[in-house]
Structures are given as C-alpha cells and as structure tokens.
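In order, the protein sequence lines correspond to chains A and B. When we follow my numbering, the leftmost residue of the first sequence carries the number 1, and every step to the right adds one. When we follow my numbering, the leftmost residue of the second sequence carries the number 1, and every step to the right adds one. Virtual Cβ for every residue (Gly too), placed ideally from N, Cα, C. Following: one structure in structure tokens, then a few remarks.
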Amino acid sequence: MKTAPIPENEKERLAALRALLILDTPPEQRFDRITQFAASEFDVPIVLISLVDENRQWFKSRVGLDICETSRDLAFCAHALHSTEPLIVPNTLDDERFFDHPLVVGPPHIRFYIGAPLVLPSGLIAGTLCLIDMQARELDETDYAILGTLRDLAVGELIERGDA
Amino acid sequence: MSQTAPKKNLLLLEPDYMLRHTVALTARSTGLAEIQEAPSLKTAEEILRRSAFDGLLLALGNEDQGLELVEQLRAGQTQSAAGTAVAVMVSQCNAARAQKLRLVGVNQIILRPFKVKTLLGTIQGLSANAG
Chain A
1 MKTAPIPENE KERLAALRAL LILDTPPEQR FDRITQFAAS EFDVPIVLIS
51 LVDENRQWFK SRVGLDICET SRDLAFCAHA LHSTEPLIVP NTLDDERFFD
101 HPLVVGPPHI RFYIGAPLVL PSGLIAGTLC LIDMQARELD ETDYAILGTL
151 RDLAVGELIE RGDA
Chain B
1 MSQTAPKKNL LLLEPDYMLR HTVALTARST GLAEIQEAPS LKTAEEILRR
51 SAFDGLLLAL GNEDQGLELV EQLRAGQTQS AAGTAVAVMV SQCNAARAQK
101 LRLVGVNQII LRPFKVKTLL GTIQGLSANA G
C-alpha cells in the first residue's frame with residue numbers, strides 16, 4: 001500500500017477545510033440525499049462525502065458504511081487531493097497503490113473506487129464525493145458528468161455554511 | 001456528449017429535487033440541452049404560458065395529473081409548437097394507459113424507477129427530434 005503524499009498546499013487546505021465549520025457535525029439530510037441518490041444512480045454499495053483532515057478522513061455523509069472516520073493513512077480519498085479531476089481506480093488489484101491495501105485484501109474487499117474532489121471556490125480540495133464497489137467496474141462519459149453534478153451539489157452545500 | 005448544434009430548450013416537470021436538479025445540471029454541463037425546471041404542475045403551467053420549448057418531459061400523477069399540459073400543447077394553446085415532442089414519466093403503465101397517452105399525443109413513456117442516465121438519453125432523443 002502506498003500512503004498518499006501530502007499536498008504542497010496542505011496548510012492552506014486544512015485551514016479552508018476547518019473554516020467550513022463542518023467537521024464532527026451531525027448528519028444532515030441535505031448531504032445524505034446526495035449520497036443516497038448517488039448510491040441508487042450508480043448501483044454502488046458505498047458512497048461517502050469524505051473530508052480529509054490532518055490525520056483522518058471524516059465522513060459528513062455515508063451510505064453502506066458504519067464508521068464515521070478512518071485514519072488518513074488508509075484513505076483512498078487522500079490520493080484524490082492532488083488534482084481537480086476525479087481519481088478513478090477501476091480495479092484495485094491492478095493498481096500499485098492499492099492492491100495490498102488492508103481494505104482490498106480484507107473486508108470489505110474494495111475493488112472499485114472513484115473520488116470526485118470537493119473543490120472549494122478557493123481551489124483548495126476539502127475531500128471527495130466517492131463511490132466504492134466490491135466489483136471492478138468502468139464508468140462512461142455520462143457517468144462522469146452525473147458524478148460531477150452530484151459533486152458540485154455537495155460543494156454547494158459545504159460552502160453554504162462555511163467561509164471557503 | 002458535447003454537441004455543436006445550438007442547445008435545445010426543454011421543460012422538465014419533476015417533483016423530486018435530486019432527480020430534477022441532477023438531470024438539469026448534467027444536461028447543461030454536457031451541452032445536451034437547457035432544462036427549465038418545474039417542481040410542480042402549477043409551475044409548469046405558468047412556464048408553458050410564457051415560454052416556448054423544443055421538448056417536454058413531464059412527470060404524471062397516478063391519475064394522469066399533468067396530461068392536461070399535453071392537451072394544451074397539442075391544441076396550440078401554449079407558446080410552443082403544437083408538434084413539440086413530449087415524454088412522460090409514470091409509475092405504472094398498462095396497455096390501456098399507454099393507448100390513452102398515445103392518443104393525447106405523448107411520444108415516449110418512461111417507467112419509474114429510472115436512472116438519470118436514462119432521462120439524459122431521452123433528452124438527447126428529444127433534442128435530436130427537435131431538429
């Protein structure tokens with residue numbers, strides 16, 4: 001497993017994330033409706049709005065997962081902080097970053113991951129809207145466009161209450 | 001999915017916010033069409049009275065609420081051309097209902113539940129048929 005490198009703008013990124021005043025807040029329907037809609041639209045068992053904090057990823061909204069955070073070392077989403085384009089892993093077993101990841105070789109045996117970066121108006125990336133499946137899969141151009149729309153809706157909700 | 005032809009203007013009557021908004025924003029971002037959103041029949045009626053569209057996508061109620069919009073359209077009582085393409089979204093449809101819808105002038109019936117992707121495909125078809 002390769003741990004994600006820390007972005008060069010990490011200090012500013014964390015400041016922007018914390019300015020959202022959303023970490024460790026209770027679940028909210030305005031976010032949950034996005035993850036629930038994505039799970040149905042893409043037929044995936046796990047959908048997360050994941051915010052990558054200094055040492056953890058914390059889930060503002062989650063479908064198909066009982067835990068509310070993991071260590072940042074284990075976060076697929078930490079790899080998605082380096083580009084405004086989605087990070088797609090069609091098959092984790094074919095990806096040198098993830099083939100021996102504990103969540104790939106062990107439960108829940110993740111095979112597919114795509115994380116659409118939550119790009120704030122400042123250009124800094126707070127986390128991702130991500131889809132996870134236990135089967136390898138591909139997305140087409142329309143899927144990417146739909147995921148991009150749902151990501152934009154999630155960002156809209158994030159910045160509604162923060163100063164990003 | 002991007003297109004070079006001018007974008008078509010479509011009206012989408014759909015009460016579900018996530019479905020309606022996701023379809024409208026994705027159609028816009030991909031250059032497929034400009035979608036005017038109507039969350040209710042009343043809003044759709046108002047919009048149809050003042051604007052012309054190249055196609056209509058209408059969620060019908062279980063008692064076919066909304067079908068009167070198609071009748072008004074076909075009778076030339078809206079700003080849109082009477083022959084404008086219409087797709088309707090319904091939760092149930094048997095042969096009798098399908099026949100009724102076709103007689104009123106519905107061009108396409110979409111059965112719920114469906115994916116955003118399905119509706120985008122329909123929009124692509126409506127836009128193409130609109131020339």
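For residue i, three-class secondary structure by DSSP
i         : result
Pro102(A) : helix
Cys77(A)  : helix
Thr70(A)  : strand
Gln29(A)  : helix
Ser40(B)  : coil
Ala154(A) : helix
Asp133(A) : strand
Met1(A)   : coil
Val119(A) : strand
Cα-Cα separation between residue i and residue j, rounded to whole angstroms
i         : j         : result
Pro90(A)  : Glu138(A) : 6 Å
Phe112(A) : Ser40(A)  : 16 Å
Leu56(B)  : Leu13(B)  : 8 Å
Val23(B)  : Asp95(A)  : 33 Å
Gln36(A)  : Ala52(B)  : 34 Å
Lys117(B) : Leu103(A) : 30 Å
Asp24(A)  : Glu69(A)  : 10 Å
Pro108(A) : His101(A) : 11 Å
Leu11(B)  : Leu58(B)  : 8 Å
Ser29(B)  : Ala130(B) : 20 Å
Lys115(B) : Leu150(A) : 14 Å
Residue i vs residue j beta-carbon contact at 9 Å
i         : j         : result
Gly148(A) : Cys77(A)  : no
Ile67(A)  : Ala154(A) : no
Arg18(A)  : Leu81(A)  : no
Asn107(B) : Ala85(B)  : yes
Pro121(A) : Ile159(A) : yes
Met134(A) : Ile110(A) : yes
Gly105(B) : Glu71(B)  : yes
Asp7(B)   : Leu25(B)  : A small correction: the amino acid at residue 7(B) is Lys; Asp does not occupy that position in the sequence shown. Taking 9 Å as the Cβ cut-off, Lys7(B) and Leu25(B) do not qualify as a contacting pair.
Val47(A)  : Ile146(A) : no
Leu126(B) : Asp16(B)  : no
Met1(A)   : Arg72(A)  : no
Nearest-angstrom Cβ-Cβ length linking residue i and residue j, presumed shorter than 8 Å
i         : j         : result
Ala4(A)   : His79(A)  : 4 Å
Glu37(B)  : Arg20(B)  : 5 Å
Leu101(B) : Ile110(B) : Leu101(B) to Ile110(B), Cβ: 11 Å. No contact.
Ala116(A) : Pro86(A)  : 5 Å
Leu69(B)  : Leu48(B)  : 6 Å
Asp140(A) : Phe42(A)  : Wrong, their Cβ atoms sit about 11 Å apart, outside the cutoff.
Check your understanding: Below 8 Å, can you find three or more Cβ-Cβ pairs linking the region 31-46 of chain B to the region 81-96 of chain B?
Key -> When Cβ pairs closer than 8 Å are counted between the two stretches, the region 31-46 of chain B is seen not to touch the region 81-96 of chain B, the count staying below three.
Check your understanding: Do the region 114-123 of chain B and the region 65-83 of chain B touch if we need at least three Cβ pairs shorter than 8 Å?
Key -> The region 114-123 of chain B vs the region 65-83 of chain B: no contact.
Check your understanding: Do the region 119-136 of chain A and the region 51-66 of chain A meet, that is, are 3 or more Cβ pairs less than 8 Å apart?
Key -> Yes, they touch.
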